[in-house]
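Notes follow the structure.
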Amino acid sequence: MRGTLNRRELARLAVLGLAAAPRLREEDTPPPVRRGRVGVAPLAAPAGRAVDPVLAHRAVAAALAAATGLGNARAAVAALFRGEDTVGIKVNCLGGPNLSPRVELVSALAALLAERGIPPGRIIVFERSARELERAGFPVRRRGGPFLCVGIDNDYDREPSTSGEIGSCFARLVSTTCTALVSFGVVKDHDLAGVSAGLKNLYGLIHNPNKYHDHNCDPYLADLASHPFVRRKLRLVVLDGVVAQCHGGPAYRPDGSWPLGLVAAATDPVAADAWAWKAIDAERTRRGLPTLAEAKRPPRFLATAERYGLGVGDPAAIVEVRA
Amino acid sequence: MTAAITRRDLAVAACAGAAAALLPRPADAAPPAVGAPVPADALPAREASWYRKLPEGRVECQLCPRGCQVADAERGACGVRENRGGTYTTLVYGAACTVHVDPIEKKPFFHVLPGAPALSFATAGCNVECKFCQNWEISQFRPEQVAALWLPPEALAAAARQKGVPLLAATYSEPVVFWEYVRDAAAACRGAGVRPVVVSNGYIQERPLRDVLPSLAAVKVDLKAFSERFYREVVRGELKPVLKTIEVIRASGCWLEIVVLLIPGLNDSEAEVRALARWVKSNLGGEVPVHFTRFHPTYRLTNLPPTPLATLERSWRIANAEGLAFAYLGNVPGHPGESTSCPGCGARLIHRIGFEVLENTLKGGRCPTCGRTIPGVWA
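Protein chains in written order, with the numbering used here: chain A, 1435 to 1757; chain B, 12 to 390.
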């Protein structure tokens, strides 16, 4: 057996390698993270709850493009997700019909994923329970439609796993089924965490979030976000900021809400929350309310998350890119 | 012996107790039939008994020392109490996720009706998070995540009476988080000739404790360690309120036993065990039974070995040397430390192997050899 290659064989290998390179890059390169960058797109608050689906699609697409800096939503989604992915979109419906991500916005994201080539059966919108989804107006279904929509209900791992201070059973959707995650939250004040946006929404992935609200959820939210299930799979945060809430959360309070008129997106999950913090504090200041820090509930978990290397947690360091 | 109560037993007992008409009405849903499953999306909400309202629709729980301040739509750390529009509600009243007949030695109570069966029940939830919890599959979950049957207090008492079981034990998870249920079950026991007992972590505020204590025949408290650090890092609780609870129970005259689960390297040092024994002796007296039990790896402490027998025996010796008359060992079947001996003459009074009582020579609560009174609930 000859152990060396001649020049012709070498040249052939080189050509083959060049041909395979783009595909290898797609398979092996981790999705891009734009640290500290949050893309925002305007979407005016409608008179009622529902927004025009066309405007919703436009806003989500613009926010994604701005968040990634890739020019358009198609390129952004292609950079973040593979056609083979099973994408879980965790929505935060605790605020009920008035303070949950709008169905039109979530549908717009699902449509962008479908354009990427991800079939409807592998786009899964989920929340802790089917009941919460229904209250927020989502069509619960395990088959059919442009995306699936299910409650975790009681489908958790049988054993807990630990990350820092937390020890929890994860939804099997997260640990087992999905290869990619999107946290689709809202922009709201939270009585204990300070801010509920993209990271606080992740408490819905575990069976025992009630154990982890002390000390403004710090370090627990950062510990959860650094768990391998989340750290490896969370690709994107999208926030419905059409109407936001600066006071009285996490439940909906009309007197604490205001029309922020924005949809935000970020590949840096910590930055998304830091941006939300800034927006909430600006509105609180405008109303003469104490800032979250003055109210003794700053979202401390952001600094911890930044220390863990999960993203940028300082609101002053956030780069907001308007579409 | 562990015998499950069947749904038929419960239904019959409930009918016999004629309780249905008196059942508490959940705030937002009609209760299911007695013994029927509680729907996860229609938990039996009922206003909590120990809380206060705060401005802006918030509430402060006054049940356990955590004192959770809870905003609307949120739950306390226990996961079973929810603020619903400014009204704090318990979601587990009458929702028993576990019902079994166990020997009372399993709790363990060694000075309460030896060998008697106890109808034992629990709901989901707990107010601490012990990393070594043996019942974490119910204690660390929220009620909608754990299957439960609708068993109002009267049905429990009636079931115990119908089965000829003399004891009703709130146990397994943490009775503090279903304290209203415990209170009313204890009250229902009064007319049924059944004695209610509680197995608890003792992490409760004084007022709810005092409110229910007079109805109870006995309380066993898990004293999980004798250091605040352990309570903070391994339990997510505090030691000081637990010690206060133990003192209040002892002073009340309600029968008290203490269990200490010894975990290798975490709470089993000679110094800590000695300090604990001295505290018991000086604050409660030497006649409170203290059980040192063996740890088995579970939940979040699967990395540690079971407690060596030598550690258990050393702790037993320390407790005896410090003047505790009734120190016991647990989870070591067949060990002499499971049996009760007379502190006066040394005669063996109750011979146990595991949860079985092989012999009980007590006569009217006295040692048959020397006549010494042995404290406990014997008849």
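Every residue, glycine too, gets a C-beta built ideally from N, C-alpha and C. Treat the numbers as computed from the prediction; the structure is a model and nothing was measured.
Could you tell me whether any Cβ in chain A is nearer than 8 Å to the Cβ of residue i?
{"i": "B:Phe189", "result": "no"}
{"i": "B:Thr372", "result": "no"}
{"i": "B:Gly78", "result": "no"}
{"i": "B:Gln393", "result": "Outside the shown range of chain B (12 to 390) lies residue 393 of chain B, about which nothing can therefore be said."}
{"i": "B:Ala84", "result": "yes"}
{"i": "B:Gly276", "result": "no"}
{"i": "B:Phe241", "result": "no"}
{"i": "B:Pro37", "result": "For B:Pro37, the pLDDT reaches just 41, beneath the cut-off of 50, and the residue's location in the model is therefore unreliable, leaving the point undetermined."}
{"i": "B:Arg194", "result": "no"}
Taking the alpha-carbon of residue i as reference, which of the options has the nearest alpha-carbon?
{"i": "B:Ser326", "options": "B:Leu273, B:Gly105, B:Ile361, B:Asn138", "result": "B:Leu273"}
{"i": "B:Glu370", "options": "B:Gly382, B:Arg377, B:Ser350, B:Cys356", "result": "B:Ser350"}
{"i": "A:Gly1503", "options": "A:Ala1716, A:Glu1740, A:Ala1739, A:Ala1699", "result": "A:Ala1699"}
{"i": "B:Cys194", "options": "B:Gln156, B:Val259, B:Arg153, B:Trp61", "result": "The question names Cys, but residue 194 of chain B in the sequence shown is Arg. Nearest C-alpha to B:Arg194: B:Trp61."}
{"i": "A:Lys1375", "options": "A:Ala1750, A:Arg1469, A:Pro1703", "result": "Absent from the model: residue 1375 of chain A. The displayed extent of chain A is 1435 to 1757, so no value can be given."}
{"i": "A:Arg1536", "options": "A:Arg1562, A:Leu1514, A:Ala1484", "result": "A:Ala1484"}
{"i": "A:Phe1663", "options": "A:Asp1625, A:Ala1751, A:Val1616", "result": "A:Val1616"}
{"i": "A:Ser1660", "options": "A:Phe1515, A:Ala1544, A:Leu1582, A:Ala1739", "result": "A:Ala1739"}
{"i": "B:Val112", "options": "B:Cys79, B:Pro163, B:Asp83, B:Val176", "result": "B:Val176"}
{"i": "A:Ile1600", "options": "A:Phe1581, A:Asn1642, A:Leu1607", "result": "A:Asn1642"}
{"i": "A:Arg1669", "options": "A:Val1521, A:Gly1517, A:Ala1496", "result": "A:Val1521"}
Does residue i pass the burial test, meaning 16 or more other C-beta atoms within 10 Å, or should it be called exposed?
{"i": "A:Ala1727", "result": "exposed"}
{"i": "B:Lys64", "result": "exposed"}
{"i": "A:Asp1486", "result": "exposed"}
{"i": "A:Leu1488", "result": "Here residue 1488 of chain A is Val; the residue named in the question, Leu, does not match the sequence. When all chains shown are included, A:Val1488 counts as exposed."}
{"i": "B:Ala32", "result": "Unreliable positioning characterises B:Ala32 in this predicted model, as indicated by a pLDDT of 34, which lies under 50. A coordinate reading is not provided."}
{"i": "B:Arg221", "result": "exposed"}
{"i": "A:Leu1458", "result": "Low per-residue confidence applies at A:Leu1458: pLDDT is 47, beneath 50, and the placement is therefore not dependable enough to give any value."}
{"i": "A:Gly1628", "result": "buried"}
{"i": "A:Leu1477", "result": "buried"}
{"i": "A:Ser1691", "result": "buried"}
{"i": "A:Thr1719", "result": "exposed"}
{"i": "B:Gln145", "result": "exposed"}
Helix, strand or coil for residue i per DSSP?
{"i": "B:His362", "result": "strand"}
{"i": "B:Thr322", "result": "helix"}
{"i": "A:Arg1669", "result": "strand"}
{"i": "B:Tyr242", "result": "helix"}
{"i": "B:Glu116", "result": "helix"}
{"i": "A:Ser1691", "result": "strand"}
{"i": "B:Pro316", "result": "coil"}
{"i": "A:Thr1610", "result": "helix"}
{"i": "B:Gly348", "result": "helix"}
{"i": "B:Glu333", "result": "coil"}
{"i": "B:Lys235", "result": "coil"}
{"i": "B:Arg247", "result": "coil"}
{"i": "B:Leu224", "result": "helix"}
{"i": "B:Leu373", "result": "coil"}
{"i": "A:Arg1756", "result": "strand"}
{"i": "B:Val259", "result": "helix"}
{"i": "A:Pro1465", "result": "coil"}
Does any residue of chain B have a CB that is nearer than 8 Å to the CB of residue i?
{"i": "A:Glu1461", "result": "The predicted model places A:Glu1461 with a pLDDT of 49, which falls under 50 and marks its position as unreliable, so this point remains unresolved."}
{"i": "A:His1641", "result": "yes"}
{"i": "A:Ser1660", "result": "no"}
{"i": "A:Arg1492", "result": "no"}
{"i": "A:Lys1730", "result": "no"}
{"i": "A:Lys1524", "result": "no"}
{"i": "A:Ala1739", "result": "no"}
{"i": "A:Ala1605", "result": "no"}
{"i": "A:Lys1645", "result": "yes"}
{"i": "A:Pro1466", "result": "no"}
{"i": "A:Ala1685", "result": "yes"}
{"i": "A:Leu1723", "result": "no"}
{"i": "A:Asn1506", "result": "no"}
{"i": "A:Thr1596", "result": "yes"}
Does the ligand MN have even one heavy atom less than 7 Å from the beta-carbon of residue i?
{"i": "A:Leu1655", "result": "Because no ligand of any kind appears in the structure shown, any question about the ligand MN cannot be addressed here."}
Problem set entry | Unbroken stretches of the beta strand (DSSP E), 3 residues or longer, contained in the stretch 1696-1743 of chain A | Counting only runs of 3 or more, we get 1696-1700.
Problem set entry | Whole alpha helix (DSSP H) elements within the stretch 161-205 of chain B, 4-residue minimum | Runs found: 164-174, 190-201.
Problem set entry | Complete runs of the beta strand (DSSP E) confined to the stretch 1614-1666 of chain A [at least 3 residues] | Runs found: 1614-1624, 1628-1630.
Exercise. Which full runs of the alpha helix (DSSP H) of 4+ residues lie inside the stretch 1473-1558 of chain A, going along the chain?
Worked result: Contiguous alpha helix (DSSP H) elements confined to the stretch 1473-1558 of chain A occur at 1487-1502, 1507-1514, 1537-1549, taking only those with 4 or more residues.
Exercise. What are the start and end residues of each continuous alpha helix (DSSP H) run of 4 or more residues lying completely inside the stretch 53-109 of chain B, in chain order?
Worked result: DSSP runs (the alpha helix (DSSP H)) wholly in the stretch 53-109 of chain B: none.
For this session: Please go through the stretch 265-309 of chain B and give each complete alpha helix (DSSP H) segment of 4 or more residues, from N-terminal end onward.
Result: Within the stretch 265-309 of chain B, the complete alpha helix (DSSP H) runs of at least 4 residues are 281-295.
Exercise. Can you list the alpha helix (DSSP H) stretches of 4 or more residues lying completely in the stretch 1554-1602 of chain A, in chain order?
Worked result: Here the runs fully enclosed are 1564-1569.
For this session: Could I get the ranges of all uninterrupted beta strand (DSSP E) runs contained in the stretch 117-156 of chain B, with 3 residues as the minimum, in chain order?
Result: Here the runs fully enclosed are 128-133.
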